[in-house]
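One structure is given below, encoded as C-alpha cells.
Number of protein chains: 4
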Amino acid sequence: MADLAAVKRALAAQRIETPSWAFGNSGTRFKVFAQAGVPRNPQEKIADAATVHRFTGVAPTVALHIPWDKVDDYAELRSYAESLGVGIGAVNTNVFQDDAYKLGSVTNPDAGVRRKATDHLLEAIAIMDATGSRDLKLWFADGINYPGQDDLRNRQDRLAAALRETYDRLGADQRILLEYKLFEPAFYATDVPDWGTSYAHCIELGEKATVCIDTGHHAPGTNIEFIVAFLLRQNKLGAFDFNSRFYADDDLMAGAADPFQLFRIMYEIVRGGALDPAYGINFMLDQCHNIETKIPAIIRSVMNIQEATAKALLVDRDALSRAQNDGDVLEANAVLMDAYNTDVRPLLAEVRADAGLDPNPVAAYRRSGYQERIVQDRVGGQQAGWGA
Amino acid sequence: MADLAAVKRALAAQRIETPSWAFGNSGTRFKVFAQAGVPRNPQEKIADAATVHRFTGVAPTVALHIPWDKVDDYAELRSYAESLGVGIGAVNTNVFQDDAYKLGSVTNPDAGVRRKATDHLLEAIAIMDATGSRDLKLWFADGINYPGQDDLRNRQDRLAAALRETYDRLGADQRILLEYKLFEPAFYATDVPDWGTSYAHCIELGEKATVCIDTGHHAPGTNIEFIVAFLLRQNKLGAFDFNSRFYADDDLMAGAADPFQLFRIMYEIVRGGALDPAYGINFMLDQCHNIETKIPAIIRSVMNIQEATAKALLVDRDALSRAQNDGDVLEANAVLMDAYNTDVRPLLAEVRADAGLDPNPVAAYRRSGYQERIVQDRVGGQQAGWGA
Amino acid sequence: MADLAAVKRALAAQRIETPSWAFGNSGTRFKVFAQAGVPRNPQEKIADAATVHRFTGVAPTVALHIPWDKVDDYAELRSYAESLGVGIGAVNTNVFQDDAYKLGSVTNPDAGVRRKATDHLLEAIAIMDATGSRDLKLWFADGINYPGQDDLRNRQDRLAAALRETYDRLGADQRILLEYKLFEPAFYATDVPDWGTSYAHCIELGEKATVCIDTGHHAPGTNIEFIVAFLLRQNKLGAFDFNSRFYADDDLMAGAADPFQLFRIMYEIVRGGALDPAYGINFMLDQCHNIETKIPAIIRSVMNIQEATAKALLVDRDALSRAQNDGDVLEANAVLMDAYNTDVRPLLAEVRADAGLDPNPVAAYRRSGYQERIVQDRVGGQQAGWGA
Amino acid sequence: MADLAAVKRALAAQRIETPSWAFGNSGTRFKVFAQAGVPRNPQEKIADAATVHRFTGVAPTVALHIPWDKVDDYAELRSYAESLGVGIGAVNTNVFQDDAYKLGSVTNPDAGVRRKATDHLLEAIAIMDATGSRDLKLWFADGINYPGQDDLRNRQDRLAAALRETYDRLGADQRILLEYKLFEPAFYATDVPDWGTSYAHCIELGEKATVCIDTGHHAPGTNIEFIVAFLLRQNKLGAFDFNSRFYADDDLMAGAADPFQLFRIMYEIVRGGALDPAYGINFMLDQCHNIETKIPAIIRSVMNIQEATAKALLVDRDALSRAQNDGDVLEANAVLMDAYNTDVRPLLAEVRADAGLDPNPVAAYRRSGYQERIVQDRVGGQQAGWGA
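Protein chains in written order, with our numbering: chain W, 148 to 535; chain F, 148 to 535; chain P, 148 to 535; chain Z, 148 to 535.
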C-alpha cells in the first residue's frame, strides 16, 4: 500500500507551470473568438497566472513567450511577478511569425533568415539572464509542405548549427528544452518531428540540452508514457507541454481527452523518481482555451494533472512488482487500475486544506469575483493573442 | 485497350471548379503569410479564376464563399464573370466566423443563433437565384470541444430542422451539397463527421440533397475511393472538394501528397460513369496555398487532376474485368498499375494543343506576365483572406 | 442528482452477452499461446460462460460461432445451456475460413463461392430456429488486398444480393446484425468498412436489419459515441461487440485501453434510453485473451462495462442539460466528469450483494476452484480455437 | 539533367535481398490460405529465391529465419545456395514462437526465459559464422498488452543487457540490425517501438549496431523518408525491410500501397549516397503474399523498388537544388514530380536487356514453366509457413 502521508507530501510539493499565452485569445485558422477580460499585456497575463497559483497552490511560475511578452525592462517584470507571488519560468522563443520565416527559421535556405532566427534565440537567453529563468524552450515551426520543397538533410545541418551556437551561449545554470512536433504548421515534413530527432540533437549538444514532450505533438497511436519512461532512463527528459487532444494538436485542457493516458504518463514520472521538483523537469501547461473561459480552464487543467498524479502515487508498487514478476497479467493490470479507479478528489481536498487553500479551486475562483473584475477593468487596448 | 480518341474527348470535356477563396491569403493558426498581388475583392478573385481557365481550358466556373464574396449586385458579378469567360459555380456558406457561432451555428443550443444561421443559408439561396448557381454547398464548423459540452443527439435534431427548412426553399434546379469533416475547428465531436452522417441526412431530405466529399476530411486510413464507389452506386455523390494532405486537413495542392490515391478516386469516377459533366458532379478544388504562389499552384492542381483522370481513362477495363473475374490478383493489380505508371503528360499536351491551348499551362502562365501585373496593380486596399 | 435506487435497478437489469470463442485459444498471426483448461467443445465453452454468469449475474446468454460451435443437435445444446442457467444468444456466421473464401465469400467474383457462403448464412438461421436465437450476426472478412484486385462496386451488388436473400429468410422475431470493419484480414478495401455502409444496407433491407458496432473496428480518431448517438436517433443500432484497443483490432478486454471512451459510449446508451434489455440491443463481448487467463479476463471485462455504465447512470442529467443550454462549456464538461471520476465499485458491490452475489466476482472466481478444476479435467482432445 | 549512363549503371548495380519466409505460406490470425507449390524446406525456399534472381538479376542473396530455416549443416546450405547462384544474406532471429515467450523473450520478467532467448541470438551468430552472413537482424515481438502488465523501464534494462551480450559476440565483420515496430503482436507497448529507441540502443552498443527500417512498422502519418535522411546523416541506417501497407503492418508488396512514398524513400537513399552496395545497407523485402502467387509477387516487388529507384536517380538534382535555394516551392516540387511522373519501365527494360535478362521478368517467369513445375513436384511433406 502507498504511504498516504508521503503521497500528500508529494502532492503538496508538486509544481506546474502556466503559460502566459494561454490567458490570451487563441483559436483556429477559421476564427479566434475573443473573450472579455483577456489580458492586454504581459503584466496582466502574469496577474492571471498568479491568480491560478493563488487558488491551486501548485503553479508558482509562469512561462513567457517572446516576442509576445516583450517588455522594455525584464528585471522589472520579474519583480512584478514576484510581488504577486509567482516567478518567471521558461522563456519560449517564437521564430514563426515574422514574414521572413515563411520557408523556415533556423533551417531556412536563406542564411540571412537563419542569422535573424538564431539571433532571436540568443536574445531569449539574454532575457533569461534578466529574468532569472533557467529554461530556454525551443519549438521550431520549421518544415516543408511539399516533397522536394527543400532538402531534408541540409535542413538538419542548419538546425544543428543554430542549436550549437545557442547551446554555447547558455549560462552555467541554463538549459535548452528541445520540443518536437509531427506536423502543423508544416504539412509534409517538420525538422524536429519526433522525440528521436530531438534526442539525437540533445545528445550531440551536451548535458544542458534535454527533450521537451508536448503531449499533443505525436502521431496517432504513439505511446507517450513509453517515451517518458525511456527518456527518464536516458536522463534526457527536461520538460512537458501538457494539453490533450482527440485528433491532432487540439490543445484542449490537460486530461480532458484521455484522463487514463495522463495517469499512465504521471505513473512513469512517479516510477522514475521525477515528480520531485528537485529532479528538474519543467511540468508546463501549453493549451488553447478557444471557447471556454480561460482562468477556470487553466485551474481545471492543473487539477486534472493533480488528480492523475495522486492516482499515480497511490499505485501499490510492491503489489505491482510482485504481480509483474509473477507474470500475472490480470493482477498486475488490476493493481494499476485499482489506483486509477480511486476517487482522489477527497484526498486532494485535504492536501489543499492543509495548505490553507479552498478545497475546490474552481468554485473558489468563481466566488472570488476576479473574473467579473477583469471583464470590467480590461476594456480598451489590444487584447493579447497569438498575433500580438 | 482504352480507345484513345474517346479518352481525349473525355479529357477535353472534363470540368473542374476553382474556389474564389484559394486566390486570397490563407494560413494556419500560427501565421498567415500575405502574398503580393492577392485579390482585394470578388472581382479580382474572379479575374484570377478566369486566368486559370484561360491556361487550362477546363476550369470554367468559380465558386463563391458568402460573406467573403458579398457584393451589392450579384447579377452584375455574374455578368462580370461571364465577360471574362467563366461562370459562377457553387455558393459556399459561412456560418463559423460570426462571434455568435462560438458554440455552433445551426446546432447551437441558442435558438436565436440557429435562426441567424439558417437565415444565412436561405440568403445564400437568394444569391444562387441571382447568380444562376445550381449548388448550395453546406459545410458546418459546428461541433463541440469537450465531452458533455452539448448533447450530441439534440444537435442532430437541430441540424435536421435547419437542413429541412433550407431544402424546402431550394428552387427546382437547385440542390444541396452536404459536406462532412472529422474534426477542426471542433476537437471532440463534429455534427457531420463522416459520409454516413451526411448520407443519412441527404436520404431524409430528398433527391436534391447529395453528399460532398472533401478529400482532406477523413480519419487516417479511410479508403476514399470506396466512398466514391459506394455513393455513386447509391446515386448520392454530388461534389468533391479536392485538395491533398499528409496528416489532417492540410489543404495542399490536389494530388501533391498521394497521387496514387487521386488516381484511384478518379478511376472510380470513370468506372461509375460520373466524369461526364452531364452526370452532375461538381468537381471543385478547395485548397490553401499558404506558402506557394497561388495562381500557378491552382493551375498545377488542375493539371494533377487531369493527369490522374487521364490515367484512369487509360485503364484497360476489359483486361481488368477478365483478371478480376479470373481471381488473378497480380494480373488485375498489374492492369491498373499499368495505366498508373504511364506518363500521360504527352497525351494531355495533345489535348491542350487540340483545344488551342499551350501544352504547358504553368510555363505559359509564367510567360504571360499576369503575375507581375497583379503584383504591380494590386497595391493598397485590403487583401482577401479568411478574415475578410 | 441521479436517483440511486433507479441506478441500482438499471445496473441489476443490465445484460451482457459472452462469446463462446473467447473461452478458446486465440492469438496473433505470429503465435497462438495455448492455455491449460481451455474448452474442447461447445458444451465446455457454454459451461465457462455459465460460470461467468454465476459470478457476475449479468451475463445470461452466450453467443455461438458457426462452424466453430457446430453440433449435431442444437435443441440439445440449448437445453444443456439452460440447465446451466444460460441461454443461446446471437449466432455468428463464419465465411472466412474455408479455402474457397480466399478472395471473398458473398462478394467473391465466383458465383459458386457466393452460393456456398449464402447457404451458410441460411444454415445459421436454421440453427437460430433450433436454438431460439433471435440474432444473426454477420461479419464479412470480404475485401481486397490490392487496388484493382476486384471491382469495388460489383462487390456491393453481390453483397446486397446475399443480404437480401438472407433477410428474406428471417423469421418474424429474428433479425440481422450487420457488422463493419475498416481492415483486417483485407488490407486495401473491405466490403463493409464503416457504419455508413452497414447503415445504408440495413435501410434498404428493412426493419429487421440493424447495425452492429465493434468498438475495435474503426479508423484512428473515430468518435464511436457519436455513432452510437446517431444510430439510436435513426433507430438502427442493434448490437455491440465490445473490446478495446490501442492501435487496430487489438481485441483487448473491454475498457482496458480507454475506460473514458467506454463511459462516453455507455452514456449515449443511457441518454438514448437503450440500456434497458427491452430496447433490444445485444451488448456482446468480442475479445481475445491471448496471454491472460480467459475466464477471469471475461469477468473483468463484464465488470469494466458495469463500471462504465454505473458512471453513465450517475450523470446528473438535469444539471448537464442546464449547463449545455446555458452554453457553459466548463460546467457541462465538469458535470460529466464528476460522474466519471466517481468510484462506483462500492455501488456495484451493493448491487451484487443485493442479487446474492459475491461483491468481488474475480476474487470469488479465484476462490471457487473452477480454474483448477478445468485445468485438471480438460486434458486430451483438441482445444477450441479459431482454427477449430 | 541526370546522366543516363550513370543511372543505368546504378540500376544494374542495385541489390535487393529476398526473405526465405516470403516463399512459404502466410496469412492473418483469421486464416492461412495454403498455396500449391510452396517450399517444404530451406533448400526449396532458396531455389525459389534463386529463381527470382534469375529473372531480375538484382536479388543475389536470400535471408534466413531461424528456426524456420534450421538445418544440420549450414555450410552445406551455403554451398547449395551458391550452386544456384545466390548467397546467404541476413540471419533473422525468432524469439516469439516458443511457448516460453508468451510474456516476452529478452525482456521477459523471468531470467530463465531471457537466458534462453539470448542464447538463441548467440546461436544465430554461430549460423552467421557458418554461412558467411554479415547481418544479424533482430526483431523482438516483446511488449505488453495491458498497462501495468510489466515495468516499461525494467524491460529496457533487460533489453540492453541482452543486446550487449549479443553485440560482444559479433565477429569483426558482423553487425546487428535492430528493427523497431509500433505494435503487433504486443498491443499496448512494444519494447522497441520506434526508430528513436532503436537508435539510442545502437548508439550505446557501438559502431556495429545500426537501425533497420521496416516500412510497415510506423504510426499512421509517420514520414519515413525523414527517418531515412536523418539516420543516413547520423551514419546509423543499416537495413530495410520493404513492404507496403494501407493500415498497419499489412505486409503487402513493396510499392503497392503508396508508390510515391517508395519513390521519396529511394530519393533519400540516392541523395545520401547510400544506394551503392558498398555503402552497406541491406535492402531486404519482408512481405506476406497471403492471397497472390508468391514468386511473381516477389518479382513484382523487386521491380517496384527498381522503378522507384530509377525515378529517384532521374531527379535533376542541380535544378532541384537551385529551386530549393531560391525558395521556389512550386518549381522544387515540380522538379521532383517530373522524375516521379516519368515512365521508367522502358529504361529498366534496357538495363535488363543489357544484363542479358528478359526485359519483362514477370512475363518471363510465367513462360518459364517454373510455377507449374513446383506445383507438380512439391507434393506431400509439410509446407513451410510461419508455424513451421
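Using N, Cα and C, we set each Cβ at its ideal position, and we do this for glycine too.
> Residues bridged to G174 (chain F) by DSSP?
Replying inline: Stepping through the second sequence from its first residue, residue 174 (chain F) is reached at position 27. Per DSSP, F:V179.
> Does I213 (chain Z) come within less than 9 Å of chain P when only Cβ atoms are used?
Replying inline: Taking the fourth sequence and counting its residues from 1, the one referred to as residue 213 (chain Z) is at position 66. Chain P contact via Cβ: absent.
> Distance, Cα to Cα, A535 (chain W) vs C435 (chain W)?
Replying inline: Residue 535 (chain W) sits at position 388 when you count from the first residue of the first sequence. Residue 435 (chain W) sits at position 288 when you count from the first residue of the first sequence. Its pLDDT being 48, under 50, A535 (chain W) is placed unreliably in this model, and the value from its coordinates should be taken loosely. Cα-Cα distance, rounded: 15 Å.
> Applying a beta-carbon distance threshold of less than 7 Å, which residues of chain P neighbour L250 (chain F)?
Replying inline: Position 103 of the second sequence, counted from the start, is the residue given in the question as residue 250 (chain F). Simply G474.
> What do you get for V509 (chain Z), buried or exposed, if any count of 16 or more other CB atoms within 10 angstroms of its CB means buried?
Replying inline: By 1-based counting over the fourth sequence, the position of residue 509 (chain Z) is 362. Under this definition V509 (chain Z) is a buried residue.
>> For a cutoff of 9 Å on Cβ pairs, would you count A444 (chain P) as touching chain W?
In response: Looking up residue 444 (chain P) in the third sequence gives position 297. Chain W contact via Cβ: present.
>> I want to see whether chain P comes within less than 9 Å of M413 (chain F), judged by CB atoms only; does it?
In response: Your numbering for residue 413 (chain F) matches position 266 in the second sequence. No, M413 (chain F) does not count as interfacial toward chain P.
> Distance, Cα to Cα, D289 (chain F) vs A333 (chain F)?
Replying inline: Counting from one through the second sequence, the residue named residue 289 (chain F) turns up at place 142. Counting from one through the second sequence, the residue named residue 333 (chain F) turns up at place 186. Between D289 (chain F) and A333 (chain F), the C-alpha separation is close to 7 Å.
> Interface residues of chain P around A336 (chain F) at Cβ under 7 Å?
Replying inline: Working through the second sequence from its first residue, we reach residue 336 (chain F) at position 189. Ordered by position in chain P, the residues that pass the 7 Å Cβ test against A336 (chain F) are N370, F373.
> Using DSSP with H/G/I as helix, E/B as strand and the rest coil, what is K383 (chain Z)?
Replying inline: As a first step, residue 383 (chain Z) is located in the fourth sequence; it is residue number 236 there, counting from the start. Here K383 (chain Z) sits in coil by DSSP.
>> So A531 (chain P) contacts chain Z; which residues on that side make the cut at Cβ distance below 8 Å?
In response: Within the third sequence, numbered from 1, the residue matching residue 531 (chain P) stands at position 384. Under the 8 Å cutoff, chain Z gives no residues; its nearest Cβ is about 15 Å from A531 (chain P).
>> Below 8 Å on the Cβ atoms is my contact criterion, and I expect V449 (chain P) with V205 (chain P) to pass it. Report the Cβ-Cβ distance as a whole number of Å.
In response: Counting from 1 along the third sequence, the entry for residue 449 (chain P) is found at position 302. Counting from 1 along the third sequence, the entry for residue 205 (chain P) is found at position 58. Contact flag correct, Cβ pair sits at about 6 Å.
>> Taking the straight line between their C-alpha atoms, what separation do you get for F180 (chain F) and F410 (chain W)?
In response: Counted from its first residue, the second sequence places residue 180 (chain F) at position 33. Counted from its first residue, the first sequence places residue 410 (chain W) at position 263. When rounded, the distance between both Cα atoms is 40 Å.
> Taking DSSP as the reference, what is the three-state secondary structure of C349 (chain P)?
Replying inline: For the purposes of this step, residue 349 (chain P) is identified with residue 202 of the third sequence, where counting begins at 1. In the structure shown, C349 (chain P) sits in a helix (DSSP, three-state: H, G or I).
> For A535 (chain W), does the three-state DSSP call read helix, strand or coil?
Replying inline: Locating residue 535 (chain W) in the first sequence gives position 388, where the first residue counts as 1. Bear in mind that the predicted position of A535 (chain W) carries a pLDDT of just 48, short of 50, making it unreliable; the figure below should be weighed with that in mind. Three-state result, A535 (chain W): coil.
> So with Cβ pairs under 9 Å, would you call F177 (chain W) a contact of chain P?
Replying inline: Numbered from 1 along the first sequence, position 30 holds the residue referred to as residue 177 (chain W). Closer than 9 Å: no.
> Would a check of beta-carbon distances place Q518 (chain Z) closer than 9 Å to chain P?
Replying inline: In the fourth sequence, the residue the question calls residue 518 (chain Z) occupies position 371. Not one chain P Cβ lies under 9 Å of Q518 (chain Z).
>> So if DSSP puts R322 (chain Z) in a beta bridge, which residue, or which two residues, is it bridged to?
In response: Taking the first residue of the fourth sequence as 1, we reach residue 322 (chain Z) at position 175. Answer is Z:D282, bridged to R322 (chain Z).
> Between the segment 430-441 of chain P and chain Z, which residues of the former have a C-beta closer than 9 Å to a C-beta of the latter?
Replying inline: C435, N437, I438, E439
> Using 9 Å as the limit for Cβ to Cβ distance, is E454 (chain Z) near chain F?
Replying inline: Taking the first residue of the fourth sequence as position 1, residue 454 (chain Z) is located at position 307. For E454 (chain Z), the answer is yes, since a Cβ of chain F falls inside 9 Å of its Cβ.
> Once you ignore the five residues that flank P424 (chain Z) on each side, which residues in its own chain have a CB closer than 6 Å to its CB?
Replying inline: Walking along the fourth sequence from the start, residue 424 (chain Z) turns up at place 277. Excluding residues within five positions, the ones whose Cβ falls inside 6 Å are R162.
>> Please classify R392 (chain W) as buried or exposed, where buried requires at least 16 neighbouring CB atoms within 10 angstroms.
In response: In the first sequence, the residue the question calls residue 392 (chain W) occupies position 245. Buried.
> Looking at C-beta atoms only, is the number of pairs between the segment 275-294 of chain F and the segment 200-214 of chain W that lie closer than 8 Å three or more?
Replying inline: no
> Among all the DSSP beta bridges, which residues are the ones paired with L399 (chain F)?
Replying inline: Here residue 399 (chain F) corresponds to residue number 252 of the second sequence, with the count starting at 1. Answer is F:S391.
> Which one of P:K192, P:S252, P:H200 has the shortest CA to CA distance from L224 (chain P)?
Replying inline: Working through the third sequence from its first residue, we reach residue 224 (chain P) at position 77. Ranking P:K192, P:S252, P:H200 by Cα distance to L224 (chain P) puts P:K192 first.
> When you compare only the Cα positions, how much space is there between T198 (chain F) and G236 (chain F)?
Replying inline: As a first step, residue 198 (chain F) must be located in the second sequence, where it is residue number 51. As a first step, residue 236 (chain F) must be located in the second sequence, where it is residue number 89. One C-alpha to the other measures close to 16 Å.
> Which chain P residues are close to Y293 (chain Z), counting only those with a beta carbon under 8 Å from its beta carbon?
Replying inline: Taking the fourth sequence and counting its residues from 1, the one referred to as residue 293 (chain Z) is at position 146. By Cβ distance, chain P contributes L399, M400, A403, E439.
>> Report the start-end ranges of each beta strand (DSSP E) in the segment 246-291 of chain W that is 3 residues or longer and not cut off at the edges.
In response: 282-285
> CB-CB under 8 Å to R380 (chain W), same chain, minus the five flanking residues each way: which ones, in chain order?
Replying inline: For this step, residue 380 (chain W) is matched to residue 233 along the first sequence. Counting only Cβ-Cβ distances below 8 Å, and skipping sequence neighbours, we find G419.
> For F430 (chain F), which beta-bridge partners are listed by DSSP?
Replying inline: Mapped onto the second sequence, residue 430 (chain F) falls at position 283. Answer by DSSP bridge pairing, in chain order: F:F387.
> Okay, do the segment 443-461 of chain F and the segment 470-481 of chain Z touch, 3+ Cβ pairs below 8 Å being the bar?
Replying inline: yes
>> Any beta carbon from chain W within less than 9 Å of F407 (chain P)'s own beta carbon?
In response: What you label residue 407 (chain P) is simply residue 260 of the third sequence in a count that begins at 1. True, the Cβ-Cβ gap to chain W drops below 9 Å.
>> So D505 (chain W) contacts chain P; which residues on that side make the cut at Cβ distance below 7 Å?
In response: Counted from its first residue, the first sequence places residue 505 (chain W) at position 358. Chain P residues near D505 (chain W): none, gap ~16 Å exceeds 7 Å.
>> Spatial neighbours of V376 (chain P) within its chain, please: C-beta separation below 7 Å, excluding the five flanking residues on both sides.
In response: As a working mapping, residue 376 (chain P) is identified with position 229 in the third sequence. Checking the sequence shown, residue 376 (chain P) turns out to be Ala, not Val. Correct list, in chain order: E415, G419.
> Mind pulling the chain Z residues with CB within less than 8 Å of F393 (chain F)?
Replying inline: Locating residue 393 (chain F) in the second sequence gives position 246, where the first residue counts as 1. What F393 (chain F) touches in chain Z: G368, N370.
> Shorter than 9 Å from the beta carbon of D93 (chain W) to some beta carbon of chain F?
Replying inline: This structure does not reach residue 93 (chain W), given that chain W is present from 148 up to 535, and the question cannot be answered.
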